[in-house]
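Q:
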Amino acid sequence: MTLTMDRPIADALVEVKGLRHVYGTGSGPGLVVLEDVNLTLRSNEIVGLLGRSGSGKSTLLRSIAGLIHPTAGSIGISDQADDDSASGVAMVFQTFALFPWLTVQKNVELGLEARGVPADERRKRTLAAIDLIGLDGFENAYPKELSGGMRQRVGLARALVVQPSILLMDEPFSALDVLTAETLRTDLLDLWSEGRMPIRSILLVTHNIEEAVLMCDRILVFSSNPGRVIAEIGVDLPRPRKRLDPAFRALVDDIYARMTAKPKDAPARDGLFPGTGLGMALPHISTNELAGMIEGLAAAPNNGSADLADLARELQFEADELLPIAETLQLMRLAELDGRRIRLTAAAKRYDAADVDERKQIFARQLLAYVPLAAHIRRVLDDRPSHQAPASRFRDELEDFMSEQRAEETLDAIVSWGRYAEVFAFHDDEDRFSLDDPA
Amino acid sequence: MVFLSPDRMNPGLLARFARRQFAPNRFDLVAFLLLGGLAVIVLHGARQMNLPISHLPNAGVTLDPARLPEYALRSTLRMFAAIIASLLFTFVVATLAAKSRKAELIIIPALDILQSIPVLGFMTFTLTFFMGLFPGHELGEELASIFLVFTAQAWNMAFSFYQSLRTLPEDLIDVSRQFGLTPWQRFLRLELPFATPALVWNTMMSMSGGWFFVVASEAMQVGANTVTIPGIGSWLALAIARQDIAAVGWAVLAMAVVIVLYDQLLFRPTVAWADKFRFEQTASEEEPKSWFFDLLRRTRILRRVGLPFRRLAGFAAIPRLPRLKAPRLGGGAGGVWFDRAWIGLVGLGVAWAAWSIVRYLSGAIGPADALKVFGLGFITLVRVLILIAIATVIWVPIGVWIGLRPAWSQRIQPLAQFLAAFPVNLLYPFAVMAIVAWRLNPNIWLSPLIILGTQWYIVFNVIAGASALPNDLKEVAGIFRLRSWQRWRDFILPGIFPYYVTGALTASGGSWNASIVVEVVNWGHTRLQADGLGAFIANATAGGDFPRVALGMTVMSVFVIILNRSLWRPLYRYAADNLRLT
Chain H
29 MTLTMDRPIA DALVEVKGLR HVYGTGSGPG LVVLEDVNLT LRSNEIVGLL
79 GRSGSGKSTL LRSIAGLIHP TAGSIGISDQ ADDDSASGVA MVFQTFALFP
129 WLTVQKNVEL GLEARGVPAD ERRKRTLAAI DLIGLDGFEN AYPKELSGGM
179 RQRVGLARAL VVQPSILLMD EPFSALDVLT AETLRTDLLD LWSEGRMPIR
229 SILLVTHNIE EAVLMCDRIL VFSSNPGRVI AEIGVDLPRP RKRLDPAFRA
279 LVDDIYARMT AKPKDAPARD GLFPGTGLGM ALPHISTNEL AGMIEGLAAA
329 PNNGSADLAD LARELQFEAD ELLPIAETLQ LMRLAELDGR RIRLTAAAKR
379 YDAADVDERK QIFARQLLAY VPLAAHIRRV LDDRPSHQAP ASRFRDELED
429 FMSEQRAEET LDAIVSWGRY AEVFAFHDDE DRFSLDDPA
Chain V
375 MVFLSPDRMN PGLLARFARR QFAPNRFDLV AFLLLGGLAV IVLHGARQMN
425 LPISHLPNAG VTLDPARLPE YALRSTLRMF AAIIASLLFT FVVATLAAKS
475 RKAELIIIPA LDILQSIPVL GFMTFTLTFF MGLFPGHELG EELASIFLVF
525 TAQAWNMAFS FYQSLRTLPE DLIDVSRQFG LTPWQRFLRL ELPFATPALV
575 WNTMMSMSGG WFFVVASEAM QVGANTVTIP GIGSWLALAI ARQDIAAVGW
625 AVLAMAVVIV LYDQLLFRPT VAWADKFRFE QTASEEEPKS WFFDLLRRTR
675 ILRRVGLPFR RLAGFAAIPR LPRLKAPRLG GGAGGVWFDR AWIGLVGLGV
725 AWAAWSIVRY LSGAIGPADA LKVFGLGFIT LVRVLILIAI ATVIWVPIGV
775 WIGLRPAWSQ RIQPLAQFLA AFPVNLLYPF AVMAIVAWRL NPNIWLSPLI
825 ILGTQWYIVF NVIAGASALP NDLKEVAGIF RLRSWQRWRD FILPGIFPYY
875 VTGALTASGG SWNASIVVEV VNWGHTRLQA DGLGAFIANA TAGGDFPRVA
925 LGMTVMSVFV IILNRSLWRP LYRYAADNLR LT
């Protein structure tokens, strides 16, 4: 590890150079989560890290917060703070991460307490932060008594009260409903533009393109295999920004296209999921979603091909929720993705027209032909005289390539696809695969 | 075994609990031998002092009802001393196990075995040891009594705390690290509060089980010496010796009053208070209630009582000391070397412990004895299993019937919890009189006493399970008009099974202990005896025959451990994996 804490260049608050992080088990090659990431965070800007889940953006944020020690690279943080505070950063969590047994006030005080601030000053600063964030009256409430939006306000107050120069936000609005999230965003932007928060810069992780365009001065787009910055986009739309503004929409569409573009050096089709061959990490997409998307694409007015962003609006999906589904279709050669457009293949058109049993047959063919893990499991089951195999065997194989959690999700995905296609059966209570169909 | 609160059994927790392999099997043997060796040394050391067990007179216990409140108070104080010791033990040992992998390798299997050992058998050893420490002084007896109660209480509390420390929520750990909380702040703000609900429930369960041991430990007979310290237990022993049925009645009454007070003034308020620490972000629909807790909350008393604790918590704000960079163990070549040294050290300890045990036992006991004791263990095993089966057949339908009727279960549940806490040894004299009067076969009729006190764990867990059956499933069962057998097989039995296993496991553990007291009973000079390992241990204890006590204890522990591993734990895991209602 060559992690160093050098002083960054003037004006820069955070300077990340050549960051690389490998997530892995001892035996396997490991999964590269971040590869050669460079980032400079300057004073007075909001920077967004945009990418799909698994693109390593959270890992980057956590590295800056000091929660993760990256495998290689350097992170420089300018400690502007005059006092002896540990670092000039504070973090807001996606899950709020409040202590349920502490009142709002005690939760907010936590960071000050850790720094040994005297009780009187702690109280004064805490009440000021609570006031700033619009929580007055709730000082003595417990988190369980608050709505999600109010809880995240507590999380925000807790981060602000330690007067960090940099605020790190890890998908801070994604656990909230649409309306609440919008209110909270607006309030945060108001505080920011009026300069009422002690912070000098915000680093925001999100997978929501519109959120990034709405809030950020600069957006770094991450690819996901491995996590790499593929584009840096300055946003100079005037604030407050309007979602219906044509320039806003154009920018969203542009970023959308960049995120779905095929990486030039990656193999033609497998490139979008991390890992290759058996080691490919699969998203747990239900077969209902896959079928729904094929049907939506096949129906008029799309007739087999559509613009992804339009399709998302039509199917009432968040744009970024649609991507994993589209990519899974592409993986099985049921669709082809090209920039912003998605087009059904011949197999998918047959699928759309078929009845239930034929659909399963078509799906089974595509699954076995193009998803290496499915073919592998099927081959093992065919080879064994008992036609059975413990799931732990495949789990172990997967864990050579990826984290335990990813391996579990990949296995869940393959189980649900395999069950639908009837290419193998899975017995949850005994944790084993078999060929036999339930009688 | 950690007790999961049946009022709010958390399926996730249950699953985590069942999946975690607490004890890698080879470490069981290691821990077992080390503990055995330790017992031998303690015993040997105490014997070396070669002091006669005290000749204190009957410590002035008289059967005067006016003095009974004082005796009850002294019994209660012993209980509190033991629970405080258990809490201290829990904080130190469980924290050590959770923070150090090397300590964990020894501590966790050791705890697992210790909680399987029927602690009444400890009596001989602890008494000899503590009396040796304070020869001729009542303090030795007091400490021996308290220690016995402690050994009945501490293990599951430590387990529960350890388990909480190992399952701290990730995001809160991140917050603690990000804000740079000191270890002490982290303990007060994160670890202790998170562990509180489970720890409180286990502490309360331990106390409920503890009354039995308080009563048993106050009048101990080892060899020719009878030791008595003032309390309800010694009152009872005297009443039995004098065949004074009225005095037994007084003891039952006094104990009932103590337990009602304990239940209302401590158990329920504490559980209600601990509810605040439950790790849920949503308010629960049914919170544990306690009138006494509400009363305290309304007055200022609680705030005043709590003040010292808040002061203590205030120390959390003390500016931290500059942190020393701790050398990293467990990584690199040095770590490997350290690991090896550690394993070597443990190996040496085990070899030495095994040698001590063999040397100690070989002089007094031959293989034939050992074989005979195994046979007796088998008899007691059959007795325990048959009685659990009978209790199951009787109580599961009744418990389900009650649990499905909220009006009934609200009234009966506290009663079942009261009965589980009531030290059933107070009731034995009545049963003995009946057996003597009707000339019944002790081998059969002493047996039900084994389950008399512990069956209530099955009852209140089954009631809790039946009350927790979800309404929508009840409605489905109604809509499809499931016939009664199908309704039981597909709905009710799977639904209550996790709860039942918890209750049956607790009952089973308690029954082994009870067998030591039950298989030999006295009423005045009448002595009834059933065949079994419990009687063997009781007789060896009364005769002061240490090697035989050790042998009996060892065999009983082996039986309990095998029963837990081969029956209860697999059932538990099955329940957690397959029968979760979420």
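Top to bottom, those sequences are chains H and V.
Here the first sequence is numbered in the working numbering, starting from 29 and rising by one per residue.
Here the second sequence is numbered in the working numbering, starting from 375 and rising by one per residue.
Beta carbons: idealized from backbone N, C-alpha and C, even for Gly.
Tell me which residues of the stretch 521-551 of chain V have at least one Cβ-Cβ distance to chain H shorter than 7 Å, keeping chain order.
A: Listed by position, the residues of the stretch 521-551 of chain V near chain H (Cβ gap below 7 Å) are Asp545, Leu546, Asp548, Val549, Arg551.
Q: Here's the rule I'm using: 16 or more other beta-carbon atoms within 10 Å means buried, otherwise exposed. How should histidine 899 of chain V be labelled?
A: Stepping through the second sequence from its first residue, residue 899 of chain V is reached at position 525. Histidine 899 of chain V is exposed by the Cβ-count criterion.
Q: From the beta carbon of proline 128 of chain H, is the nearest beta carbon of chain V less than 8 Å away?
A: Position 100 of the first sequence, counting from 1, holds the residue named residue 128 of chain H. So, interface residue.
Q: If you measure beta-carbon to beta-carbon, which residues of the stretch 425-458 of chain H are closer than 8 Å to chain V?
A: Cβ contacts with chain V come from Asp457.
Q: Would you say glutamate 554 of chain V faces chain H, with C-beta separation under 8 Å as the test?
A: Your numbering for residue 554 of chain V matches position 180 in the second sequence. For the sequence presented, residue 554 of chain V should be read as glycine rather than glutamate. Yes - at least one Cβ of chain H is within 8 Å of the one on glycine 554 of chain V.
Q: Taking the C-alpha atoms as reference points, what is the distance between tryptophan 830 of chain V and serine 591 of chain V?
A: Locating residue 830 of chain V in the second sequence gives position 456, counting from the first residue. Locating residue 591 of chain V in the second sequence gives position 217, counting from the first residue. Near 22 Å, if we compare the C-alpha coordinates of serine 591 of chain V and tryptophan 830 of chain V.
Q: Starting from the C-beta of arginine 387 of chain H, find all residues in its chain whose C-beta is less than 7 Å away, skip the five residues before and the five after it, and write them out in chain order.
A: Residue numbering aside, residue 387 of chain H sits at position 359 when the first sequence is read from its first letter. The residues are Tyr379.
Q: My output table needs one value for isoleucine 818 of chain V: the three-state DSSP class, helix, strand or coil.
A: The count along the second sequence starts at 1 and reaches residue 818 of chain V at position 444. Three-state DSSP puts isoleucine 818 of chain V in a helix.
Q: Determine the direct distance from the alpha carbon of alanine 715 of chain V to that of alanine 472 of chain V, and round the result to whole angstroms.
A: Taking the first residue of the second sequence as 1, we reach residue 472 of chain V at position 98. Taking the first residue of the second sequence as 1, we reach residue 715 of chain V at position 341. Cα-Cα distance, rounded: 21 Å.
Q: Could you give the distance in angstroms between the alpha-carbon of asparagine 135 of chain H and the alpha-carbon of arginine 179 of chain H?
A: Taking the first sequence and counting its residues from 1, the one referred to as residue 135 of chain H is at position 107. Taking the first sequence and counting its residues from 1, the one referred to as residue 179 of chain H is at position 151. Roughly 11 Å separates the two Cα atoms.
Q: CB-CB under 8 Å to serine 490 of chain V, same chain, minus the five flanking residues each way: which ones, in chain order?
A: Walking along the second sequence from the start, residue 490 of chain V turns up at place 116. Result list for serine 490 of chain V: Gly883, Ser931, Val934, Ile935, Asn938, in chain order.
Q: In three-state terms, what does DSSP make of leucine 318 of chain H?
A: Within the first sequence, the letter at position 290 stands for residue 318 of chain H. In the structure shown, leucine 318 of chain H sits in a helix (DSSP, three-state: H, G or I).
Q: If we count Cβ pairs, one from each stretch, closer than 8 Å, do we get three or more for the stretch 604-622 of chain V versus the stretch 442-458 of chain V?
A: The stretch 604-622 of chain V vs the stretch 442-458 of chain V: in contact.
Q: How would you label proline 418 of chain H, buried or exposed, when you count the other beta carbons within 10 angstroms and need 16 or more for buried?
A: Residue mapping note: residue 418 of chain H aligns to position 390 of the first sequence, counting from 1. Proline 418 of chain H comes out exposed.
Q: For the alpha helix (DSSP H) containing arginine 24 of chain H, name the first residue and the last one.
A: A question about residue 24 of chain H goes unanswered here, because the residues of chain H that appear run from 29 up to 467.
Q: If leucine 228 of chain H and isoleucine 194 of chain H are in contact, beta carbons under 8 Å, what's the gap, nearest whole angstrom?
A: For the purposes of this step, residue 228 of chain H is identified with residue 200 of the first sequence, where counting begins at 1. For the purposes of this step, residue 194 of chain H is identified with residue 166 of the first sequence, where counting begins at 1. In the sequence under discussion, the amino acid at residue 228 of chain H is arginine, which differs from the leucine named in the question. Right, the Cβ-Cβ distance comes to about 7 Å (below 8 Å), so this counts as a contact.
Q: Can you pull the DSSP bridge partners for histidine 479 of chain H?
A: Nothing in the structure corresponds to residue 479 of chain H, since chain H is present only between 29 and 467.
Q: Quick test of your reading: valine 182 of chain H and leucine 212 of chain H, contact by CB under 8 Å. State the CB separation rounded to the nearest angstrom.
A: Position 154 of the first sequence, counted from the start, is the residue given in the question as residue 182 of chain H. Position 184 of the first sequence, counted from the start, is the residue given in the question as residue 212 of chain H. The pair is not a contact, with the Cβ atoms about 12 Å apart (cut-off 8 Å).
Q: Using the three-state DSSP reduction, which class does valine 601 of chain V fall into: helix, strand or coil?
A: Along the second sequence, read from residue 1 onward, the residue named residue 601 of chain V stands at position 227. Strand.
Q: Exposed or buried, serine 988 of chain V, counting other C-beta atoms within 10 Å across all chains shown (16 or more means buried)?
A: A question about residue 988 of chain V goes unanswered here, because the residues of chain V that appear run from 375 up to 956.
Q: State buried or exposed for leucine 695 of chain V, treating a residue as buried only when at least 16 other CB atoms are found within 10 Å of its CB.
A: The count along the second sequence starts at 1 and reaches residue 695 of chain V at position 321. Low confidence applies to leucine 695 of chain V: its pLDDT is 46, below 50, so where it sits in the model is not reliable, and the reading given next is rough at best. When all chains shown are included, leucine 695 of chain V counts as exposed.
Q: With a threshold of 16 other CB atoms inside 10 Å of the CB of serine 314 of chain H, please say whether the residue is buried or exposed.
A: Looking up residue 314 of chain H in the first sequence gives position 286. Exposed is the call here.
Q: For glutamate 458 of chain H, count neighbouring C-beta atoms within 10 Å of its own C-beta (all shown protein chains included) and say buried if the count is 16 or more, exposed if not.
A: Numbered from 1 along the first sequence, position 430 holds the residue referred to as residue 458 of chain H. Under this definition glutamate 458 of chain H is an exposed residue.
Q: Please report the Cβ distance between glycine 76 of chain H and histidine 49 of chain H, rounded to the nearest whole angstrom; I am assuming they are in contact, meaning their Cβ atoms lie under 8 Å.
A: The residue labelled residue 76 of chain H in the question sits at position 48 within the first sequence. The residue labelled residue 49 of chain H in the question sits at position 21 within the first sequence. Contact doesn't hold; Cβ gap of about 20 Å is too wide.
Q: So that I know if they touch, is there some Cβ in chain V lying closer than 8 Å to that of threonine 87 of chain H?
A: Start at 1 with the first residue of the first sequence, and residue 87 of chain H comes out as number 59. Not one chain V Cβ lies under 8 Å of threonine 87 of chain H.
Q: Just the Cα atoms here: how many angstroms apart are arginine 150 of chain H and leucine 140 of chain H?
A: Working through the first sequence from its first residue, we reach residue 150 of chain H at position 122. Working through the first sequence from its first residue, we reach residue 140 of chain H at position 112. Roughly 6 Å between the two C-alpha positions.
Q: Can arginine 153 of chain H and valine 189 of chain H be called in contact, C-beta distance under 8 Å?
A: What you label residue 153 of chain H is simply residue 125 of the first sequence in a count that begins at 1. What you label residue 189 of chain H is simply residue 161 of the first sequence in a count that begins at 1. Taking 8 Å as the Cβ cut-off, arginine 153 of chain H and valine 189 of chain H qualify as a contacting pair.
Q: Taking isoleucine 247 of chain H as part of the beta strand (DSSP E), name the residues at either end of that continuous run.
A: Here residue 247 of chain H corresponds to residue number 219 of the first sequence, with the count starting at 1. Residues 246-252.
Q: Just to make sure I have the definition right: I need the residues of chain V whose C-beta is within less than 7 Å of the C-beta of methionine 119 of chain H. Which are they?
A: Mapped onto the first sequence, residue 119 of chain H falls at position 91. Ordered by position in chain V, the residues that pass the 7 Å Cβ test against methionine 119 of chain H are Gln552.
Q: Beta-carbon within less than 8 Å of glycine 46 of chain H's beta-carbon, same chain only, minus the 5 sequence neighbours each way: which residues are those?
A: Here residue 46 of chain H corresponds to residue number 18 of the first sequence, with the count starting at 1. The answer, listed in chain order, is Asp64, Val65, Asn66, Ala100, Gly101, Ser102.
Q: Could you name the residues of the stretch 139-150 of chain H whose beta carbon sits closer than 9 Å to any beta carbon of chain V, in the order they occur along the chain?
A: Under the 9 Å Cβ criterion, the stretch 139-150 of chain H contributes Gly139, Leu140, Glu141, Ala142, Arg143, Gly144, Val145, Pro146, Ala147, Arg150.
Q: Roughly how many whole angstroms lie between the Cα atoms of leucine 745 of chain V and serine 783 of chain V?
A: Counting from one through the second sequence, the residue named residue 745 of chain V turns up at place 371. Counting from one through the second sequence, the residue named residue 783 of chain V turns up at place 409. Using only the alpha carbons, I get a separation of about 47 Å.
Q: Quick one: give me the first and last residue of the beta strand (DSSP E) that threonine 373 of chain H is part of.
A: Taking the first residue of the first sequence as 1, we reach residue 373 of chain H at position 345. Careful: threonine 373 of chain H lies outside any beta strand (DSSP E) and carries neither H nor E.
Q: Which same chain residues end up closer than 6 Å to valine 601 of chain V when comparing Cβ atoms and leaving out the 5 residues on each side of it in sequence?
A: Position 227 of the second sequence holds residue 601 of chain V. Correct list, in chain order: Glu515, Met594.
Q: Let me make sure I understand the geometry here. Which of H:Pro254, H:Glu323, H:Ile261 has the alpha-carbon closest to that of methionine 308 of chain H?
A: In the first sequence, the residue the question calls residue 308 of chain H occupies position 280. Selected option, being the one with the closest Cα: H:Pro254.
Q: Indicate whether at least one CB of chain H lies closer than 8 Å to the CB of asparagine 952 of chain V.
A: For the purposes of this step, residue 952 of chain V is taken as residue 578 along the second sequence, with counting starting at 1. Chain H, which has a Cβ nearer than 8 Å to the Cβ of asparagine 952 of chain V, makes this yes.
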